[in-house]
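A short write-up of the structure that comes next.
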Amino acid sequence: MKTFWRKLVEKFTPGAGEKVDWEALLLEADLGLALTERLTRLLSDEGLTRKPREAEERIRQELRRILTAHTPKVANPERPEVILLVGVNGGGKTTTAAKLAFLHGKEGKRVVLAAADTFRAAAVEQLEMWARRIGSRFVAGSPGADPASVAFRAHLQAEEEKAQLLIVDTAGRLATKSNLMLEAGKIRRTLAKRDPEAPHHVWLVVDGTVGTNALSQAAEFHRAVGLSGLIVTKLDGSAKGGMIAAVQEELGIPTVFVGTGEKVEDLESFDSERYVEEFFG
Ligand code: GDP
C-alpha cells in the first residue's frame with residue numbers, strides 16, 4: 001500500500017479550517033458506501049468535519065474496532081485441514097495456493113495441492129509447477145472432469161498420506177459466473193461428505209487493485225458458497241486496501257492474509273494494527 005491518505009486529505013480539503021469532503025475522500029480510499037456513510041455521519045455528529053487531525057484519529061479508532069482479530073476454526077488434528085480457495089481468474093488464486101502451501105510446508109506440514117479447475121489446462125500446469133518447486137503433493141483431474149470429484153479424490157489422498165493440509169484451487173472463469181458459483185458450492189458439499197468439518201476455510205482471493213469491486217465479488221461468493229475469510233493480493237502495487245475494512249464492515253468477513261508480491265514467500269498474515277498504520281501512511 002502506498003501513502004495515499006495524505007494526498008486524499010489535501011485533495012478534499014478546500015482550505016485551512018474549512019470543511020473536508022469526507023464522503024468523497026473515504027470513497028476514494030475504497031472504504032465502500034456503507035462504511036463511508038457511517039463514518040461521514042459519525043464525523044459530522046461529533047463535529048469533526050473541519051478538523052482533519054482529530055477526524056483521522058476517529059477513523060483510525062473505528063477501523064481498529066472493525067478489524068478485531070478473528071479466531072480461525074481449529075481442525076481435528078487426526079484429519080487434514082482443508083482450505084478451499086475461490087475467486088475470479090487473474091486475482092492471484094493459484095499463486096496464493098502455492099504461497100499457502102509453501103508457508104505451511106515451511107512449518108513442517110505435509111501439504112496436498114489440488115487443482116479443481118479441470119477446464120483451464122494452463123491453471124493446472126501452473127499449480128503443478130508450483131507444487132514441484134515447493135515439494136508439495138499434487139492432485140488434478142483429467143480435462144473436463146467434475147471438479148468436485150477432483151476435490152473428493154484429493155481429500156482421500158491427503159488422508160492416505162497423512163497430510164495435515166489440503167489446499168483446493170478452484171476455477172475462476174467469469175464468463176459462466178453462475179456455473180462457477182454452483183461449482184464452488186458443489187465442491188464445498190463434496191468435501192463435507194468426506195469430513196463434516198471440511199472445508200475448514202473458504203477463502204476468497206481478490207486482487208487488491210480492483211478497489212471496491214472486491215466488495216461485490218465478496219458479496220456474490222459469500223451468498224453462493226459462504227466465505228470465512230478474504231485474501232487480498234497485489235497490495236505491493238497501487239492498491240489502497242480500503243476494501244479490507246469495507247468487506248469486514250458490510251459482510252463480516254475478515255481478511256486472513258495479504259499478498260505482497262509474485263514470489264512464493266510474498267504472503268503475510270493479516271495484521272490489523274499494521275494495516276491501520278499503513279492505511280494512514
Ligand atoms: P488466478 O487466475 O487467480 O489463479 O491468478 P494467478 O495466481 O495466475 O495470478 C495472476 C497474476 O497475478 C500472476 O502474474 C501472479 O504472479 C500475480 N500475482 C498474484 N499475487 C500477487 C501479489 O500479491 N502481488 C503481485 N504483484 N502480483 C501477484
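Residue numbering for the sequence shown follows the UniProt record's numbering, starting at 1 and increasing by one per position.
Backbone N, C-alpha and C fix where the C-beta goes; we use that ideal spot for every residue, glycine too.
Note that the structure is a prediction, hence the values are computed from the model and not measured.
Figure out for me which residue from the options has the closest Cα to the Cα of residue i.
{"i": "Ile-167", "options": "Arg-153, Ala-24, Arg-173, Ala-121", "result": "Arg-153"}
{"i": "Lys-51", "options": "Gly-17, Val-276, Val-264", "result": "Gly-17"}
{"i": "Thr-68", "options": "Val-256, Gly-261, Thr-260", "result": "Val-256"}
{"i": "Pro-199", "options": "Lys-240, His-155, Leu-182", "result": "His-155"}
{"i": "Pro-196", "options": "Val-9, Pro-80, Arg-65", "result": "Pro-80"}
{"i": "Ser-142", "options": "Glu-37, Val-225, Thr-118", "result": "Thr-118"}
{"i": "Ala-75", "options": "Lys-19, His-222, Ala-163, Leu-103", "result": "Ala-163"}
If we call anything under 8 angstroms between Cβ atoms a contact, is residue i one with residue j?
{"i": "Ala-121", "j": "Val-150", "result": "no"}
{"i": "Ile-83", "j": "Pro-147", "result": "no"}
{"i": "Leu-31", "j": "Gly-242", "result": "yes"}
{"i": "residue 341", "j": "Leu-227", "result": "Residue coverage of the chain in this structure runs from 1 to 281, which leaves residue 341 outside it and unanswerable."}
{"i": "Glu-161", "j": "Arg-194", "result": "no"}
{"i": "Pro-254", "j": "Leu-230", "result": "yes"}
{"i": "Trp-203", "j": "Leu-25", "result": "no"}
{"i": "Thr-49", "j": "Leu-43", "result": "yes"}
{"i": "Gln-217", "j": "Val-88", "result": "yes"}
{"i": "Thr-3", "j": "Gly-91", "result": "no"}
Kindly identify the DSSP beta-bridge partner or partners of residue i.
{"i": "Gly-229", "result": "Trp-203"}
{"i": "Thr-255", "result": "Leu-230"}
{"i": "Val-86", "result": "Leu-204"}
{"i": "Ser-216", "result": "Ser-216 is not bridged to any residue."}
Does any heavy atom of the ligand GDP sit closer than 7 angstroms to the C-beta of residue i?
{"i": "Gly-237", "result": "yes"}
{"i": "Asp-30", "result": "no"}
{"i": "Asn-89", "result": "yes"}
{"i": "Val-205", "result": "yes"}
{"i": "Asp-271", "result": "no"}
{"i": "Ala-34", "result": "no"}
{"i": "Glu-268", "result": "no"}
{"i": "Gln-126", "result": "yes"}
{"i": "Glu-262", "result": "yes"}
{"i": "Thr-94", "result": "yes"}
{"i": "Gly-241", "result": "no"}
How about residue i: is its Cβ closer than 7 angstroms to a heavy atom in the ligand NAD?
{"i": "Lys-234", "result": "Judged by which ligands are present, the ligand NAD is missing from the structure shown, whose ligands are the ligand GDP."}
Quick check: is the beta carbon of residue i nearer than 8 angstroms to any beta carbon in chain C?
{"i": "Ser-228", "result": "The structure shown contains no chain C, having only a single protein chain."}
_Complete beta strand (DSSP E) runs within the segment 123-199 (minimum length 3 residues, chain order)_ = 137-140, 165-170
Next on the checklist: Please give me, in chain order, every unbroken run of the beta strand (DSSP E) with length at least 3 that falls completely inside the segment 15-61.
Outcome noted: none
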